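Below is one structure, written out as structure tokens, with a few remarks after it.
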Amino acid sequence: MAAPMAPAEWRQSLRAEGVRFTELDGWTARGRDQATGKTFGPVNGVLNHHTAGRDSLDVIAYRGQSAAVPPPLAHALLRKDGVVVLVADGRANHAGLAARNSFDAIVNETRIPKPSKASGTVDGNDHLYGLEVENLGNGVDVYTRAQYDTWVRFNAALCRHHGWGAGSVAGHLETSVEGKPDPKGPVEGYGRRGRFTFTMGQLRADVAERLAHAPSWSPPTAEEAPTMTTPDYVNLGLAHGYQLAPGEWDDVEFTAEWTDEANDHAPNSPTFVEGPAGFTGSVSFRFEHLPAGEVVQVRMSEYDAAGALKANHPIHEVIGTEGGTYSVVPLTKRIGSGRSMRVRLLNQSQENVEVATAVLTAWVWEG
Ligand SMILES: [Zn+2]
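Put into structure tokens, the structure is as follows:
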């Protein structure tokens with residue numbers, strides 16, 4: 000047993016649930032109570048309809064369906080733009096006769112059976128709120144995303160106000176003893192869901208999900224796909240080999256540039272990447288005249304814009320072998336803004352070593 004919502008309660012519960020709505024002039028005094036001598040209520044649920052037309056407000060609020068079915072034809076109209084128009088807060092001509100078995104299921108919030116006229120009938124207009132949702136009802140016309148979002152919110156607002164569950168939400172097709180088919184049709188989407196076909200089961204599930212959250216809740220929407228930035232390819236090397244004297248750290252000056260998509264490498268400079276950037280790749284060396292068992296150390300070092308050394312990264316040791324020494328050193332790092340990176344070598348042997356080749360290949364992500 001529940002008294003129908005007063006205008007202030009309509010406004011409060013719709014607002015709390017995030018329903019966008021407007022109030023049609025005179026809605027708080029509109030209803031069929033006086034004309035029928037029957038008072039609207041107690042209320043037991045929300046009955047949902049599609050309008051089977053366009054620009055339906057005039058018919059619903061003022062003209063009615065026919066002389067036998069005068070207005071108002073609903074308590075509220077849900078427009079395509081997702082805005083609800085409050086039409087009446089009294090008795091409205093929307094439900095017609097409801098099958099007793101369906102009506103009882105709504106009252107008890109149990110699974111709604113196929114409406115059976117043989118089970119008896121109830122005047123649905125006495126006990127059910129009516130929402131008309133603007134749609135042609137031809138199975139082609141689409142309920143907009145905004146419309147469906149409000150649809151869920153509207154039903155949840157009324158349920159929450161009365162302390163009902165989603166089982167108090169029904170469709171005309173579930174109660175009508177005249178074989179009404181509404182509501183039906185495709186829905187543009189809801190939350191993370193794309194296009195789907197409207198069913199009362201889905202609407203109830205969405206209302207139930209809403210009711211499990213605070214009224215201020217909004218369904219999560221599709222997350223934007225992360226933007227993949229394409230890395231730049233960098234491929235540098237030496238135009239000619241050079242002599243590396245023992246004893247001091249020495250920059251590898253890349254004098255050949257096959258590819259520099261990152262555009263970070265100045266001609267004949269040791270800088271191969273400038274921050275802010277992340278990079279991954281390798282540099283491969285061939286050393287000549289490095290005595291077997293002797294060591295050349297390789298490391299990356301970070302410099303600031305003025306060319307001052309700011310950081311040394313870990314050392315890789317290349318150990319000399321007979322007949323030339325080959326080595327591949329990995330390059331993976333992130334450097335900040337204003338920093339640049341060099342590859343440096345330290346010849347720890349007593350001999351002059353020839354750096355015959357130094358080929359750097361890397362993928363660079365700017366930023
Ligand atoms: Zn209907």
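For the sequence shown, numbering that gives the first Met the number 0 gives the first residue as 0, with consecutive numbering after it.
Just so it is clear, CB atoms sit at the ideal spot from N, CA and C, and this is done for glycine as well.
Note that the coordinates shown come from a computational prediction; the quantities given were computed from them, not determined experimentally.
Sequence-distant residues of the same chain with beta carbon closer than 8 Å to S268, five excluded per side:
E252, F253
For the stretch 290-308 and the stretch 344-362, state whether three or more C-beta atom pairs, one from each stretch, are separated by less than 8 Å.
yes
Taking a cut-off of 6 Å, which residues have a beta-carbon closer than that to any heavy atom of ligand 1, in chain order?
H48, H171, K179, D181
Span of the alpha helix (DSSP H), counted from its first residue to its last, around H161:
144-161
Under 8 Å, do A221 and R191 count as touching if we go by C-beta distance?
yes
Is S348 helix, strand or coil when you go by DSSP?
coil
Closest residue to W216 among P6, R14, A5 (Cα-Cα distance):
R14
Following the continuous beta strand (DSSP E) through R285, name the residue where it begins and the one where it ends.
276-287
Unbroken alpha helix (DSSP H) run spanning H171, endpoints
171-174
Could you please give the first and the last residue of the uninterrupted beta strand (DSSP E) stretch that includes H49?
44-49
Spell out a yes or no on whether the stretch 312-321 and the stretch 229-248 are touching, meaning 3 or more CB-CB pairs, one atom from each, closer than 8 Å.
no
Using the Cα positions of P114 and R152, report the straight-line distance between them to the nearest angstrom.
26 Å
Straight-line Cα distance separating G89 from R29:
6 Å
Considering only residues of the same chain and omitting the five flanking positions on each side of V141, which have a CB-CB separation below 6 Å?
P185, E187
Scan the stretch 180-227 and note each continuous alpha helix (DSSP H) run of 4 residues or more that stays entirely inside, going in chain order.
199-210
For the stretch 348-355 and the stretch 281-294, state whether three or more C-beta atom pairs, one from each stretch, are separated by less than 8 Å.
yes
Tell me whether R53 is buried or exposed, calling it buried when 16 or more other Cβ atoms sit within 10 Å of its Cβ.
exposed
Per-residue burial, S55 [other beta carbons within 10 Å of its own, 16 or more giving buried]
buried
Quick check on R10: does DSSP put it in helix, strand or coil?
helix
Do T120 and A98 have their C-beta atoms within less than 8 Å of each other?
yes
Between P219 and the rest of its own chain, which residues show a CB-CB distance below 7 Å, the 5 nearest in sequence each way excluded?
G190, R191
With I105 as the anchor, note down where its alpha helix (DSSP H) starts and where it stops.
99-107
Kindly confirm or deny that the stretch 33-50 and the stretch 168-180 touch, where touching means at least three C-beta pairs closer than 8 Å.
yes
At the level of alpha carbons, what is the spacing between F102 and T50?
22 Å
If W150 and L77 are in contact, beta carbons under 8 Å, what's the gap, nearest whole angstrom?
6 Å
What are the boundary residues of the alpha helix (DSSP H) that includes Q394?
Because the chain here runs from 0 to 366, residue 394 falls outside it and cannot be looked at.
From the DSSP output, in three-state form, read off I318 for me.
strand
Which residues mark the beginning and the end of the alpha helix (DSSP H) in which N124 is found?
123-126
Once DSSP output is grouped into helix, strand and coil, what is the label at G323?
coil
Helix, strand or coil for T38, going by three-state DSSP, please let me know.
coil
Does DSSP put L85 in a helix, a strand or coil?
strand
Whose C-alpha, out of A87, K116, V83, is nearest the C-alpha of G25?
A87
Suppose you measure from the CA of L135 to the CA of L127; what does that come to, to the nearest Å?
23 Å
Measuring alpha carbon to alpha carbon, tell me which residue in A304, A361, Y147 is nearest R203.
Y147
Which same chain residues, not among the five before or five after A5, have their C-beta less than 8 Å away from its C-beta?
D88
Do you know how far the Cα of P3 is from the Cα of F39?
7 Å
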